[in-house]
Amino acid sequence: MEMLTFPVIIAVFLVTLFLTSHIAKQVHGKYWKMPVVFMSWVVGGLLAFLALVSIDVLPVAELDPTIILVLKYALPFLVSTIVLMVLVRLDFMSAFTVNAAGLFIGLILAVVAIVSLGHSIESTVNTGNIVLQTAKANVVSMITGKPVNQEALAKLSPVEVEEEIELEPVYTTKDFLPPSAQKALEVKEQKIYTQPHYRDINVLNARRVIGKRVRASWRDGKVSVGKLEAVEGGDLIVSLRREEGIAQVPISMSSLKKLEVFR
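So that you can map any letter, position 241 of the sequence shown is 241 in our numbering, and since no number is skipped, the others follow by simple counting.
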């Protein structure tokens, strides 16, 4: 559709120009052919734009807002009508009729083209208004020497509100568990994992770590690593790896400098 936009605009313009020139012929315009009508559009459009600029430049702020609004629409139409009178050689009422008919035909064809291309009429009109107001503000700024009011131009652009898309809920296995199991799983997930390592433990609490790997340090500097099998009296029964295999060796707690458990 985007590729067809420019050809459709050209087609709408040519059809409007063709019909307007033939209406000028019907009302007995002396120079009714398409090039003359096109030239009247160019000159009339330029003078109409300057008429809009003059409304902003001249001190008309004290006038009633309704009068200013009427001037913004009536003055450009009046100027373009006068240009048609001069170039096509028509009387005022005939030029008024040709100008109004051309504008009406152009609007109808433009609406049909916008709809056929799948565009929004409101957004298209708003875009055209922004372009016109921006060009007019720049010309007024050049004439008066005042900077362009960017805030006023920014207000012309509508704020697009993105529609919130409701996503379908995504269920996991956890959602189908009973509440008690879900709570237990949440508690487990909240636990912070720490890397296991050797921790000091009092030899008097050795019974608590039976079945775990321990590291025993003697006072003479020797270190043995093995699995704590049992605590009998004042001895620790530890499975140590020897050259001949694994052997359970009793270690006197009184001879130990430090006892560590791996957890």
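Heads up, the beta-carbon is just placed ideally off N, CA and C, and yes, glycines get one too.
Distance check for residue j and residue i, CA to CA, integer angstroms please.
i: Pro65; j: Val111; result: 29 Å
i: Ile251; j: Leu236; result: 5 Å
i: Pro76; j: Glu168; result: 55 Å
i: Leu14; j: Phe38; result: 10 Å
i: Ala101; j: Val88; result: 15 Å
i: Ser40; j: Ala135; result: 21 Å
i: Phe18; j: Tyr73; result: 25 Å
i: Glu232; j: Val187; result: 38 Å
i: Thr222; j: Val170; result: Per the sequence presented here, residue 222 reads as Lys, with Thr not at that position. Straight-line Cα distance between these residues: approximately 58 Å.
i: Val159; j: Glu122; result: Because the pLDDT of Val159 is 49, which lies under 50, any placement of that residue in the model is unreliable, and the number read from its coordinates should be weighed accordingly. Taking the straight line from one Cα to the other gives about 14 Å.
i: Lys33; j: Ile143; result: 36 Å
i: Val86; j: Ile9; result: 28 Å
i: Ala95; j: Ala137; result: 30 Å
i: Glu189; j: Gln182; result: 10 Å
i: His28; j: Ser141; result: 42 Å
i: Met93; j: Ile82; result: 10 Å
i: Ile105; j: Asn99; result: 10 Å
i: Asn205; j: Pro178; result: 39 Å
i: His119; j: Ser180; result: 56 Å
i: Leu185; j: Thr172; result: 13 Å
i: Val225; j: Gly211; result: 13 Å
i: Pro35; j: Val42; result: 11 Å
Starting from residue i and walking both ways along the alpha helix (DSSP H), at which residues does that stretch end?
i: Ala206; result: That residue, Ala206, is in no alpha helix (DSSP H); it is neither H nor E in DSSP.
i: Asp56; result: 34–57
i: Pro76; result: 65–84
i: Val111; result: 92–116
i: Pro179; result: 179–190
i: Ser21; result: 5–26
Tell whether a beta-carbon distance below 8 Å holds between residue i and residue j.
i: Ala48; j: Ser21; result: no
i: Thr16; j: Leu117; result: no
i: Gly44; j: Leu84; result: yes
i: Arg207; j: Lys227; result: no
i: Pro196; j: Arg241; result: no
i: Val12; j: Leu132; result: no
i: Ser217; j: Lys257; result: yes
i: Glu260; j: Asp200; result: yes
i: Thr124; j: Ile114; result: yes
i: Met253; j: Val209; result: no
i: Ile68; j: Ile55; result: yes
Please report whether the beta-carbon of residue i lies at a distance below 8 Å from any beta-carbon of chain B.
i: Gly44; result: Absent here is chain B; the protein component of the structure consists of one chain.
Please determine, among the options, the residue with the shortest C-alpha to C-alpha distance to residue i.
i: Leu90; options: Glu189, Ile23, Leu240; result: Ile23
i: Val264; options: Asn202, Ser255, Arg215; result: Residue coverage of the chain in this structure runs from 1 to 263, which leaves residue 264 outside it and unanswerable.
i: Gln248; options: Ala230, Leu52, Ile68; result: Ala230
i: Asn129; options: Val225, Gly245, Ser255, Leu52; result: Leu52
i: Val57; options: Val70, Lys146, Gly234, Val36; result: Lys146
i: Leu50; options: Val36, Leu71, Lys25, Lys30; result: Leu71
i: Leu46; options: Leu78, Tyr198, Ile246; result: Leu78
i: Gly234; options: Lys25, Tyr198, Ser255; result: Ser255
Per DSSP, which residues does residue i bridge with? Please list them.
i: Val263; result: Note on identity: in this sequence residue 263 is Arg, with Val being the wrong assignment. Answer is none; Arg263 lacks a bridge partner.
i: Val214; result: Gly226, Val261
i: Asp235; result: Glu232, Ser252
i: Tyr198; result: Phe262
Which first and last residues belong to the beta strand (DSSP E) in which residue i is found?
i: Glu232; result: 223–232
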